[in-house]
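A quick write-up on the structure given underneath.
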Amino acid sequence: LKGLGGYFAGYVPGQDPVRFPAGTAKKLLAGAVLQFQMHYITTGQPETDQTQIGLYLAKPGPTPPRELYTKSSFNVFFQIPARATETIVTGLQDFPFEKRSTIFEVAPHMHLRGSWFRYELIYPNGTKEVLLSVPHYEFHCQTLYRLAEPKIVPAGTTLPCVGAFDTSALNASTPDPTPAVIFPQ
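The sequence shown begins at 3 in the numbering used here and counts up by one.
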């Protein structure tokens, strides 16, 4: 379950290489060990992999870059019934922003049975704003959704995440509609 609370970097099918927003950088401490987690789909034939990572280092300057964080909203306790056309699953935490923060991008990730996904901001005064709605989630074409304008949110704002799964035969991506689906333990 490493990485569920946040991670250094990630890549998913369909994603182009991405540079961090100008004036930002991630902190990688001296001696840190990077661990790769690879997910493969069988093709019925032998395959090879040449995974690589490229890092761009921030140049020293008069103003240090703002530290960029990648966080995850997740739920590992869900169960999706067999043949269900819509099972709604929410993240286990609403991501409270402890200080004024800037959101640059979001990236829904749901695997083959995902059908839709939504990020919604809830401000300290109770007002709500949909940050991103993906009405037709497609696992084979995942992307980072970089906001046209970075979103600045005040301390106390939360970012609940909610999505739906379709395990029915109507979902062409469902490998088998007969079993219930749980998070791998």
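We put the CB at the ideal spot given by N, CA and C, even for glycine.
Spatial distance of residue i from residue j (CA atoms)
i, j, result
"Gly-158", "Glu-107", "19 Å"
"Asp-178", "Leu-31", "44 Å"
"Leu-3", "Phe-80", "Low per-residue confidence applies at Leu-3: pLDDT is 47, beneath 50, and the placement is therefore not dependable, though the value from the model is reported in the following sentence. About 15 Å."
"Pro-156", "Thr-129", "12 Å"
"Leu-149", "Leu-161", "15 Å"
"Glu-151", "Pro-62", "26 Å"
"His-113", "Thr-176", "10 Å"
With 16 other Cβ atoms within 10 Å as the buried cut-off, status of residue i
i, result
"Gln-144", "buried"
"Gly-165", "buried"
"Ser-117", "buried"
"Leu-172", "exposed"
"Leu-36", "exposed"
"Phe-167", "buried"
"Val-91", "buried"
"Ile-82", "buried"
Under 8 Å between C-beta atoms of residue i and residue j
i, j, result
"Ala-60", "Ala-27", "yes"
"Thr-169", "Ala-84", "yes"
"Leu-94", "Asn-77", "yes"
"Tyr-139", "Ser-74", "no"
"Arg-120", "Ser-135", "yes"
"Gly-12", "Arg-68", "no"
"Ile-184", "Lys-153", "no"
The beta strand (DSSP E) enclosing residue i, as first and last residue numbers
i, result
"Gly-116", "116 to 124"
"Ile-43", "Segment: none, Ile-43 is in no beta strand (DSSP E) and carries neither H nor E."
"Val-91", "89 to 92"
"Pro-64", "Careful: Pro-64 lies outside any beta strand (DSSP E) and carries neither H nor E."
"Lys-130", "130 to 136"
"Ser-103", "103 to 108"
"Gly-25", "Looking at the DSSP string, Gly-25 is not in any beta strand (DSSP E), and its letter there is neither H nor E."
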